[in-house]
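What follows is a single structure, written as structure tokens, with notes after it.
Numbering (my numbering), first residue to last: 1 to 400.
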């Protein structure tokens, strides 16, 4: 349900993107515009989280009598996923081939049931472009995409061929209207995989420049996308301060006016959330430079203390029959992993505000971790306060 690429910007302001009323149940023509805007507005949040990085000990926490189940590790943050209309994770690593054992650091191959677990936990799709994308070579990329497709999850950042190296489109619907969200995923870093150095095609793992991302965004909008989000895998590991490259790349995207918001990964620690000048309509573009870790085995014992922590980043979208879809603001919640209690992902914000501990983490340790996250995020984006179930429906649009 895309609009014609010839549709003018003036037309888009009346019937933005794919937000057209549904055909009536009896097959008659859809109800004409305008609807009462307050009754027919579509409001939802896109939530993104930090790295899904299944080290060996994480896999053991997910092990069951007949395989693996990672969904229970995410039970504590399920209300936050339910709050969002569209949930996007970051799949840091490829999936192991059928019959092959999982592998962990430094070259990863995650247990195949991880993808089904992500689906059950409430994720709609993931970014897949990372420095570990080629850990298992070309076949690892294909196996991962096959598993995502089998589970009905969206994916962006890696592809089977040049024709499929396109943004993932999600259609978010309510009140007979729909908003198309295009998700682009790129990495500026690449490790050497298990098979040694090889030529990785541009379409296998997206390493686009900012200028290339902007062109991709323009094409997506011409094809009907209302909102364009970009996941960027870049930065310096364990450093909370964004690099010069991160800042320059994001500002170039903001200056284009084609990108609604960006989502950052790789540093394994939370980084600031800020609004840059530029953006769609010149109203600014929100940037989360790094969301830290969502699910991993990292903490002070291997790395730095902040690797225990992550951010869930909420991008608020609103559209009506008389106005195009726009990002109206962002918010965040802090998360942390209780590594010694089965790698449970915790709503750190909730625990800190309730001044209590959980599992192996005392109230004092919870407060310390929360203060560390809050101090890095900055004051521009508010912390999400109220949580309620989303009332929209999400469809993953299949390529081709």
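Heads up, the beta-carbon is just placed ideally off N, CA and C, and yes, glycines get one too.
Taken in chain order, the unbroken stretches of beta strand (DSSP E) that lie wholly in the segment 105-175 and span 3 residues or more are 125-127, 154-156 and 168-174. Note: residue 68 is bridge-paired with 63 in the DSSP secondary-structure output.
CA-to-CA, the gap between residue 225 and residue 239 works out to about 34 angstroms. The beta carbon of residue 262 sits closer than 8 angstroms to those of 229, 230, 231, 232, 250, 253, 285, 286, 287 and 288, all from its chain and outside the five residues before and after it, given in chain order. When C-alpha distances from residue 268 are compared across 305, 110, 206 and 396, the shortest belongs to 305.
With contacts defined as CB atoms closer than 8 angstroms, residue 394 and residue 149 fail to qualify as a contacting pair. Contact check between the segment 360-374 and the segment 132-148: fewer than three CB pairs, one atom from each, fall below 8 angstroms, which does not count as touching. The Cβ atoms of residue 158 and residue 133 sit closer than 8 angstroms to each other. Listed in chain order, the beta strand (DSSP E) elements of length 3 or more contained wholly in the segment 233-302 are 261-265, 273-276, 285-288 and 293-295. For the 8 angstroms CB-CB criterion, residue 135 and residue 191 form a contact. With fewer than 16 neighbouring CB atoms inside 10 Å of its own CB, residue 341 falls in the exposed class. Ranked by Cα distance from residue 82, the first of 119, 256, 106 and 197 is 119. Per the coordinates, the alpha-carbon of residue 194 lies some 20 angstroms from the alpha-carbon of residue 207. By the Cβ rule, the segment 90-99 does not count as touching the segment 169-179, because fewer than three pairs are nearer than 8 angstroms.
Here DSSP, grouped into helix, strand and coil, assigns residue 84 to coil.
Taken through DSSP and simplified to helix, strand or coil, residue 309 comes out as strand. Leaving aside the five residues that flank residue 41 on each side, the residues in its chain whose CB is nearer than 6 angstroms to its CB run, in chain order, 320. The DSSP assignment places 210-222 as complete runs of the alpha helix (DSSP H) inside the segment 202-227, in order along the chain (cut-off: 4 residues).
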